[in-house]
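> Chains as they are written, first to last, in this note's numbering: chain A, 101 to 435; chain B, 101 to 435. Mind having a look at this structure? Questions to follow.
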DNA sequence: TCCGGTTATCGAACCGGTTCGATTTTCATC
DNA sequence: GATGAAAATCGAACCGGTTCGATAACCGGA
């Protein structure tokens, strides 16, 4: 590996001039610039990013920390961020916390140690300790997906209240009254907002919510399955189930299939968030989806802004909330 | 941030002693070790990983390069690698090439620049240039999924011939003769092996393969859809379709649904590789799946071996090939 | 020709560690 | 108490860059 000293020797200038020429070609005479350029080419010099980061105190890497890279929701976001970062000569490091706050914290600290230029974080926790931790980070950052109260950072996400409300309204329009809701962990902002959307829409329609119809699915497949089972074995079954996320809704579909219920014949089903291959699932589930592409674009642009422009870096935190989109399927019938 | 000099000053020893004590506690008197330990605790010293990597010429990071992190196939592998690496104080950086060889190459070079300790690579290309590139890498590495001829590195993957053969045999046993095959890109080892498994099993059963029944699905959803359509509009339709991977098979299912064919009533379907939520897809697709957990475990152990043990590093490249597993569904009927 | 002000280049210190040969200390042995 | 080998510690060089104050070269104007 050729070093900057090799280049300096060959070009017959000092090391500092080479460094200057490479990072700021304008401040060097065209003659020496040429000498240096050809020397660089001759020895095939490429700056060592590690040494650069050490000296500069920051690298050109961007950390992306998510709870589950396999989730297609993160797929578009990752792609957008990667593409945009690449255009601006930055490089995305993906890390997966498996949804565990301790691991997330370790990963973030590791990334900070790597002197990343910026951080895109999908928070996996909440509470004062967690907030304190995130707030203590000095890196330019953008949070997304999960809005955490108390974290004063840019946030990009969807209107989850609206998501819950839209589907509830849809079911009401179809004549459903006995609507069940498989909820997520209430401490999560997305979960509580979706829940609120359901509850308030029901209330404003003057329909009472049967307490037995609201069960906790923890946003996971297994808990969702159990929750769905609890709904389905009730003597007075709901006529429709609204899953607060894709995992619990599909777990409910599985439970329905196993118990021999027809969807939508016996019970209607709808969900928030898409999954891969949803269009080969029978029935096609009616859902509300997030505009992940747009979310990713906003995250990318905002983060790069904060990284590259000192002005933007000084701006106060801002929320970017997108409206979700209704995608009709054939899993809900009129009653 | 406290540096090693702060620790040295407080403990009243030289910087080099601190460094030695921290990396090799045994070679320092217990008295000074104690002094240093308490000094470390007092100032909250944590070594800067960047400076360490620069000085040592290698970091404690492991690069994982895949074509699509969203693919659940990579999910287990990633998880296994991360867990195992963490146990050995290594840290996994995930990068996604989107299946593009140029990007993959850029990513790998970037990771090498970061002086990663090891590389787990799912090759996204083939051909002499590509082979030369991979062979030129001096990092401990393990390739997986796609076996590339000419690359002399450890390889971990599944027996794809067997995968194709098993499903073909299954369909033959059920009485099918007009079996169609939606193939992948033939330059990919996995694709050609699965294809070979199909062809040879048919041959040894004495069943002729109708050339119109072998179509190219490129392992992608869109190409698979088109390929399936070509199969389904033939006057003499196949009675069964074998998808060489999950994407083409599910695309075929979609095509069948859209044309009003019943599966398995009209046409049987089976596939290689699972997808998330396959058990809520109707019908449950009969498939052969890879033991991704085990694959991940082997990749992780082998890579860490090569990284940590000089003996293992010197060993010749080795192939680890696992048998896939048959998972019956209800998408294939007896004819 | 001399002067003041840019502009170009340089040297040295620094980022925060590691490494290794040299020096000092320790301790068992004679 | 002297001797020598082993153990402990140190100093300096190094990894490969950046940065900034200082010096040198250049230029137009008096």
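Think of the CB as a built atom: it goes at the ideal place given N, C-alpha and C, for glycine as much as any other residue. In this text the structure is predicted, and so the values were computed from the model without any measurement.
Say whether the region 282-298 of chain B touches the region 313-324 of chain B, bearing in mind that this needs 3 or more beta-carbon pairs closer than 8 angstroms, one atom from each stretch.
The answer is yes - the region 313-324 of chain B touches the region 282-298 of chain B, with three or more Cβ pairs under 8 angstroms.
> Spell out whether any CB of chain A is found under 7 angstroms from the CB atom of residue 375 of chain B.
Yes, residue 375 of chain B lies at the interface with chain A (some Cβ there is under 7 angstroms from its Cβ).
> Closer than 7 angstroms, CB to CB, is residue 319 of chain A near chain B or not?
So, not an interface residue.
> Taking 7 angstroms as the CB-CB limit, is residue 194 of chain A close to chain B?
By this cut-off, residue 194 of chain A is an interface position.
> Leaving out the 5 sequence neighbours to the left and right, which residues in its chain are closer than 8 angstroms to residue 144 of chain B when beta-carbon positions are compared?
Result list for residue 144 of chain B: 102, in chain order.
> At 4 residues or longer, what runs of the alpha helix (DSSP H) sit wholly inside the region 279-328 of chain B?
Runs found: 289-304.
> Quick check on residue 220 of chain A - is its C-beta less than 7 angstroms from some C-beta in chain B?
Not closer than 7 angstroms to any Cβ of chain B, the Cβ of residue 220 of chain A fails to qualify, so no.
> Which residue marks the beginning of the beta strand (DSSP E) containing residue 165 of chain A, and which one marks its end?
161-166 is the extent of the beta strand (DSSP E) around residue 165 of chain A.
> When the Cα atoms are used, what is the spatial distance from residue 235 of chain A to residue 251 of chain A?
C-alpha separation (whole angstroms): 6 angstroms.
> Whose C-alpha, out of B/370, B/412, B/292 and B/162, is nearest the C-alpha of residue 426 of chain B?
Looking at the Cα atoms, B/370 is the closest of the given residues.
> Going by DSSP, what residue range makes up the beta strand (DSSP E) through residue 426 of chain B?
Note, residue 426 of chain B: beta strand (DSSP E), 425-427.
> So residue 382 of chain A contacts chain B; which residues on that side make the cut at Cβ distance below 7 angstroms?
Simply 382.
> The alpha helix (DSSP H) spanning residue 104 of chain B covers which residue range?
104-111 is the extent of the alpha helix (DSSP H) around residue 104 of chain B.
> For residue 153 of chain A, return the contacting residues in chain B, with the cut-off set at a CB-CB distance below 7 angstroms.
Within 7 angstroms Cβ-Cβ: 150.
> Please state whether the Cβ-Cβ distance between residue 133 of chain A and residue 163 of chain A is less than 7 angstroms.
Not in contact: residue 133 of chain A and residue 163 of chain A (Cβ atoms no closer than 7 angstroms).
> Against chain B, with Cβ distances strictly below 7 angstroms, would residue 324 of chain A count as a contact?
With 7 angstroms as the cut-off, residue 324 of chain A does not count as an interface residue toward chain B.
> Contact criterion: CB-CB distance below 7 angstroms. Does residue 191 of chain B meet it with respect to chain A?
Answer yes: the Cβ-Cβ gap between residue 191 of chain B and chain A drops below 7 angstroms somewhere.
> Can you give me the Cβ contacts of residue 201 of chain A inside the same chain, cut-off strictly under 6 angstroms, excluding the 5 residues immediately before and after it?
Cβ within range, chain order: 224 and 225.
> Here's a check: name, in chain order, each residue in its chain whose Cβ is nearer than 6 angstroms to the Cβ of residue 158 of chain B, leaving out the five neighbours to either side.
Cβ within range, chain order: 215 and 217.
> Would you kindly check if the distance between the Cβ of residue 348 of chain B and the Cβ of residue 324 of chain B is under 7 angstroms?
The answer is yes: Cβ separation under 7 angstroms.
> How many Å lie between residue 265 of chain A and residue 388 of chain B at the Cα?
Between residue 265 of chain A and residue 388 of chain B, the C-alpha separation is close to 41 angstroms.
> Would you mind sorting residue 295 of chain A into buried or exposed? The rule is 16 or more other CB atoms within 10 Å of its CB.
It counts as buried.
> In chain order, what residues of the same chain lie with their CB nearer than 7 angstroms to the CB of residue 359 of chain A, ignoring the 5 residues before and after it?
Once the five neighbours on either side are set aside, the close Cβ partners of residue 359 of chain A are 332.
> Residue 379 of chain A touches chain B at which residues, Cβ-Cβ below 8 angstroms?
Under the 8 angstroms cutoff, chain B gives 354.
> Counting C-beta neighbours from all protein chains within 10 Å, is the total for residue 393 of chain A 16 or more, i.e. buried, or is it exposed?
The residue in question, residue 393 of chain A, is exposed, as its Cβ has fewer than 16 Cβ neighbours within 10 Å.
> Using a Cβ-Cβ distance cut-off of 7 angstroms, determine whether residue 397 of chain B contacts chain A.
Closer than 7 angstroms: no.
> Find out if the Cβ-Cβ distance for the pair residue 260 of chain A, residue 293 of chain A is shorter than 7 angstroms.
Contact flag set, yes.
> Do residue 276 of chain B and residue 247 of chain B count as a contact pair if the criterion is CB distance below 7 angstroms?
Not in contact: residue 247 of chain B and residue 276 of chain B (Cβ atoms no closer than 7 angstroms).
> Out of A/403, A/154 and A/424, which one is the CA nearest neighbour of residue 414 of chain A?
Out of A/403, A/154 and A/424, A/403 has the C-alpha closest to the C-alpha of residue 414 of chain A.
> Starting from the C-beta of residue 258 of chain B, find all residues in its chain whose C-beta is less than 6 angstroms away, skip the five residues before and the five after it, and write them out in chain order.
So the qualifying residues of the chain are 390, 422 and 424.
> Flag this pair as yes or no: are the beta carbons of residue 399 of chain B and residue 244 of chain B separated by less than 7 angstroms?
Yes, Cβ-Cβ distance for residue 399 of chain B and residue 244 of chain B is below 7 angstroms.
> For a contact defined as C-beta to C-beta under 8 angstroms, what are the partners of residue 169 of chain A on chain B?
By Cβ distance, chain B contributes 169, 170, 175, 178 and 194.
> Look at the Cβ atom of residue 396 of chain B, then the Cβ atom of residue 177 of chain B, and state whether they are nearer than 7 angstroms.
Cβ distance < 7 angstroms, so residue 396 of chain B and residue 177 of chain B count as in contact.
> By the 7 angstroms beta-carbon criterion, what residues does the region 207-238 of chain B contribute toward chain A?
Per Cβ criterion, the list reads 210, 213, 214 and 215.
> Looking at the unbroken beta strand (DSSP E) that takes in residue 196 of chain A, where does it start and where does it end?
Per DSSP, residue 196 of chain A belongs to the beta strand (DSSP E) from 191-196.
> Measure the alpha-carbon distance for residue 253 of chain B versus residue 126 of chain B and round it to whole angstroms.
Cα-Cα distance, rounded: 36 angstroms.
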